[in-house]
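In this text, residue positions in the sequence shown follow my numbering: the first is 496, and each later residue adds one. Ideal Cβ placement from N, Cα and C applies to all residues, glycine included. In what follows, a structure is listed as structure tokens, so that the remarks can point back to it.
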Amino acid sequence: ALLEGADVLGQAQTGTGKTAAFALPVLARIDRDATGVQAIVLTPTRELAIQVAEAFQKYAHHLPGFVVQPVYGGQSMSLQLRQLRRGAHVIVGTPGRVMDHIERNSLQLGALAALVLDEADEMLRMGFIDDVEWILAHTPPERQTALFSATMAEPIRRVARTHMREPCEVRIKAATRTVAAIRQRYWQVSGTNKLDALTRILEVEENLDAALVFVRTKTATDELADRLGARGYAVAALHGDMNQQMRERVVEQLRNGALDIVVATDVAARGIDVARISHVINYDIPYDTEAYVHRIGRTGRAGREGTAILFVAPREFRMLRTIERVTRAVIEPLTLPSREAVAGRRVLQFRRQVAEVIANEPLDFFADVAEQIAAEHDGDLTRVAAALAFMAQRARPLRLAERDVDEVGGGMRRDAGDGRERGRRRDVDDAPVQRRFADKRDVRRAADDAPARDVRAGRTPQRTPHGELVAYRIEVGRVHGVTPREIVGAIANEGGLSSREIGRIDLHEDYSVVGLPADLPHEVLGVLRKTRVMQQALEVRRITSGEDAEAVAVRPERQRKARAPDFRSDARRPRDETRPPRRESRDETRPPRREPRDEVRPPRRESRDEARPPRREPRDESRSGNDPIRRRTPQRTSAAKEHGAKGPRGSAGARKPRRG
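In structure tokens form, the structure reads like this:
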């Protein structure tokens, strides 16, 4: 129908090849010798505009002289004006920027033959439908119109009735609203470490080339990307606060293999079409089913296979069922890879790397070094190789640390309840936004449930679930402007340690010493070495001797007293029996303040009346009884009666007698 010049109203789900469906007919009808814009494609987002323009360029590879120009907000207007003056056959852009060029007369529509609305449902959801109607009203009425949408809401049908001429309606029916080539699974979060679970999935998933990880907020994209980067992944964030140049750079790096993981929000990832994306991971469940459909549509596109994984908290299980019902798809539970499986995969990758080095690198010099080391250790080359392997895997340990993560998705702990129980251990790697805005009542509740402490205890070794605390040196100190609070926050967030596992912190000029568990796993140490505080890598290393090691090994009494006391415990009773109440001691030793003052000083009023003489002599002692001054002050002292009083206006108390 498009090749014949008819208007088309198409309904199809994401990833079914709509771009080729309208791009190829447009190219077939383009007159490359003519000047002026012959086709306009409107898209809801900048990313989708770039993607569609690239598709036109790829399809027109054998059409010399063809020019397609993307126009969108965030790009330099002067650059777009220069490109438009050179001429273009097809314009691909967002509604707002296309309107700007039409109003500037930099986009001439006299030769326009076709107009395409791609993902009209998204333009409606984002509030662009009025802009779209304005553009349609300013185009030639004889132009061909094609409208594509995943859903056909009434406003979209109204646009079709108003601006299209007897459109041919095409609908691609499917058993599900999601692409069948996408395998959908979920892992049920039950108060466990989501970051560790994500790490295991990224390690063990088969055929994982590149992954798109979705979170809800812009802040969460940066924080999760930083934490994955600290674990050795090639990762970047993608969100709406980034300028267009940065967003394009991230997408290009993902496309050419410089990045393997992108952590994105829904709006920023709209329209991304990268062939390498094999997995879409919903780290945070979307707010609605439409967002879920568009998220997982970034993989499994145009016949390619893909995998979608959804993290579901217990309170979000109803949303999971809603997604299944609306999309008519079965989302299977995911079995989380075990530590042994992750370790096996890492060992396999390590062996492949060693084999590749042996096959491709000159190793004669290093072989001599290995023989010299072996000669110093009874010629045992096996132990030398083991030592070298241990050194090589420090940044990315071959064995995972013991973590509190459920092995099987879809199952809950028996004590998990609905996720709101009082005594459950809080997850140290929960969503960063939730942790920063934690309810203060949870802190008080944790303090109330804590066992009683003996405040009279002396200097005792610090112990944690990982054993005694020992001294570690970190390469950040006072000169960098760091505080103990920032050090604790970085270690707790990146290393997954609780406050009980972080001991005393001593700040020095250019380094600091912190108490950490003696048997801290190598994986955690590798993460902490790369963690940055005040733009400085911590470079954590253990201190085995010296004053710093001895100072951190114990906790002084003053730090224990700084803790909030538990007034319900018995730890305070010996103190109450040996020291008398504070009020009784004060009453016995200090005399009352008011008594000495009352004995030596007479009342103020009596002293004033006896010592102070009258200010003025009375002018008239024979005052009448109806004097207004007397009526206003019926009670006066004897001195006032004898000498008279001053009136309210400052005149004498008695009136002058009348003459006459």
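In the DSSP assignment, Thr802 falls within the beta strand (DSSP E) that extends over 801-807. Bridge partners of Ile772 according to DSSP: Ala705.
Residue nearest to Leu703 within the set Ala770, Thr714, Val971 is Ala770 (criterion: CA-CA distance). In the structure shown, Leu719 adopts helical secondary structure according to DSSP, grouped into three states.
7 Å or more divides the Cβ of Gly588 from the Cβ of Tyr554. The region 624-640 makes contact with the region 580-600: 3 or more CB pairs, one atom from each, lie closer than 8 Å. Membership of Val684 in any alpha helix (DSSP H) is not indicated, and neither H nor E is assigned to it by DSSP.
Cα atoms of Ile525 and Arg790: separation of roughly 34 Å, rounded to the nearest angstrom. Exclusion of the five residues before and after Glu542 leaves Arg742, Val746, Ala763, Ala764, Arg765, Gly766, Ile767 as the residues of its chain whose Cβ lies within less than 8 Å of its Cβ. With a beta-carbon spacing of about 16 Å, Ala729 and Ile696 fall beyond the 8 Å limit used to define contacts. Three or more Cβ pairs closer than 8 Å define a contact, and the region 703-718 meets that threshold against the region 772-792.
If you ignore the 5 residues before and after Thr640, its C-beta comes within less than 7 Å of the C-beta of Asp502, Leu610, His658, Met659, all in its own chain and listed in chain order. In the pairwise beta carbon analysis, the region 529-549 is classified as touching the region 596-613: at least three pairs are separated by under 8 Å. Secondary-structure assignment with DSSP links Val585 through a beta bridge to Ala534, Val563. In the DSSP assignment, Gln603 falls outside any beta strand (DSSP E), carrying neither H nor E.
Membership of Glu819 in the alpha helix (DSSP H) is indicated by the continuous run 812-822. Assigned with DSSP and collapsed to three states, Gly724 falls in helix. Taking a 10 Å sphere around the C-beta of Ser994, we find fewer than 16 other C-beta atoms and assign the residue as exposed. According to DSSP, Arg1037 shares a beta bridge with Tyr967. Here Thr530 is not near Gly569, since their CB atoms are 7 Å or more apart.
Assigned with DSSP and collapsed to three states, Ile677 falls in strand.
Contact between the region 820-839 and the region 875-891 is absent: fewer than three C-beta pairs spanning the two stretches fall below 8 Å. Residue burial annotation: Asp613 is buried, with at least 16 other C-beta atoms found within 10 angstroms of its C-beta. Only residues of its own chain outside the window of five on either side were considered, and among them Ala869 have a CB closer than 8 Å to the CB of Asp875, listed in chain order.
By the 16-neighbour rule on beta-carbons within 10 angstroms, Glu718 is buried. Look at Pro781 here: in three-state DSSP terms it is coil, with no helix or strand label.
The C-beta distance from Ala753 to His734 rounds to 19 Å, too long to fall under 8 Å, and the pair is not in contact. Contact between Leu619 and Ala648 holds: CB atoms are separated by about 6 Å, below the 8 Å threshold. Our two residues, Gly724 and Val562, have alpha carbons roughly 40 Å apart in a direct line. When DSSP states are grouped into helix, strand and coil, Val746 belongs to the helix group. Exposure of Leu498 is indicated by the presence of fewer than 16 other C-beta atoms within 10 angstroms of its C-beta. In the structure shown, Ala544 adopts helical secondary structure according to DSSP, grouped into three states. Here Ala803 has Ile677, Gln679, Val775, Ile791 as same chain residues with Cβ atoms under 6 Å from its own Cβ, once five neighbours each way along the sequence are excluded.
Here Leu1023 is near Gly990, since their CB atoms are less than 7 Å apart.
For the pair Gln844 and Gly727, the Cα-to-Cα distance works out to about 14 Å. Sequence-distant partners of Ala836 (beyond 5 residues in either direction) whose C-beta falls short of 7 Å from its own C-beta, in its chain, are Val699.
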